[in-house]
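**Q**
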Amino acid sequence: MKKFRFKLETVLNVKEQKEELLKTELLKLQAQKIEQEQMLKEIKEKRAYFSRQKSDESKGITDIQSLIYFEQYISSLLIKIDNTKNKIKELEKQADIKRVEVVEASREKKVFEKLKKKEFEEFEKAILYNEQKVLDEIAVNKFNRKEQHSY
Numbered sequence: 050m051k052k053f054r055f056k057l058e059t060v061l062n063v064k065e066q067k068e069e070l071l072k073t074e075l076l077k078l079q080a081q082k083i084e085q086e087q088m089l090k091e092i093k094e095k096r097a098y099f100s101r102q103k104s105d106e107s108k109g110i111t112d113i114q115s116l117i118y119f120e121q122y123i124s125s126l127l128i129k130i131d132n133t134k135n136k137i138k139e140l141e142k143q144a145d146i147k148r149v150e151v152v153e154a155s156r157e158k159k160v161f162e163k164l165k166k167k168e169f170e171e172f173e174k175a176i177l178y179n180e181q182k183v184l185d186e187i188a189v190n191k192f193n194r195k196e197q198h199s200y
């Protein structure tokens, strides 16, 4: 008996590799987003800390230079917060696009897997048919031999 060989096995392998690559890229984007969210949290905590420091400094006797420094630093933190939020939004958009690509690649792969399964089932049917044919032939030959010996 010959062994089952799917004609489009290489195409199926390429589809599987493409899906895995897209999944890896999606995971990287999600990791970057988590990293940016952590950075955003840290920047917000710094801003809150320095805002408290500024209010504490402004209550006591302090020089103008310190207040200007606090104000400029807090402003730069606000800019960083905005930039980080924009990066997070961009990463979310990229992840959404990548998610759609992963779904599409998965769908393409499943089409070839179904085709392979269908061809394998047809291959098994052909094997069973051939085996049944051989068994029928053996039975006919055995019957014919019995008929010839009975005369």
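Its first residue numbered 50, the sequence shown is counted upward by one per residue in this note's numbering. Note that the Cβ used here is the ideal one computed from N, Cα and C, for glycine as well.
So for Leu71, helix, strand or coil by DSSP?
**A** Within the sequence shown, residue 71 is the residue found at index 22, counting from 1. Reduced to three states, the DSSP call for Leu71 is helix.
**Q** Give me the Cβ distance between Glu65 and Lys158, rounded to the nearest whole Å; I'm assuming they're in contact under 8 Å.
**A** In the sequence shown, the residue the question calls residue 65 occupies position 16. In the sequence shown, the residue the question calls residue 158 occupies position 109. Right, the Cβ-Cβ distance comes to about 6 Å (below 8 Å), so this counts as a contact.
**Q** Assess, as a yes-or-no matter, whether the region 74-92 is touched by the region 133-145 under the definition of 3 or more beta carbon pairs within less than 8 Å.
**A** The answer is yes - the region 74-92 touches the region 133-145, with three or more Cβ pairs under 8 Å.
**Q** Take Phe161 and list the residues in its own chain whose beta-carbon comes closer than 8 Å to its own, dropping the five residues that flank it on each side.
**A** Position 112 of the sequence shown holds residue 161. Around Phe161: Leu57, Val60, Leu61 and Lys64.
**Q** Would you check if the region 82-102 and the region 112-124 touch, i.e. whether three or more CB-CB distances between them fall below 8 Å?
**A** Yes, the region 112-124 touches the region 82-102.
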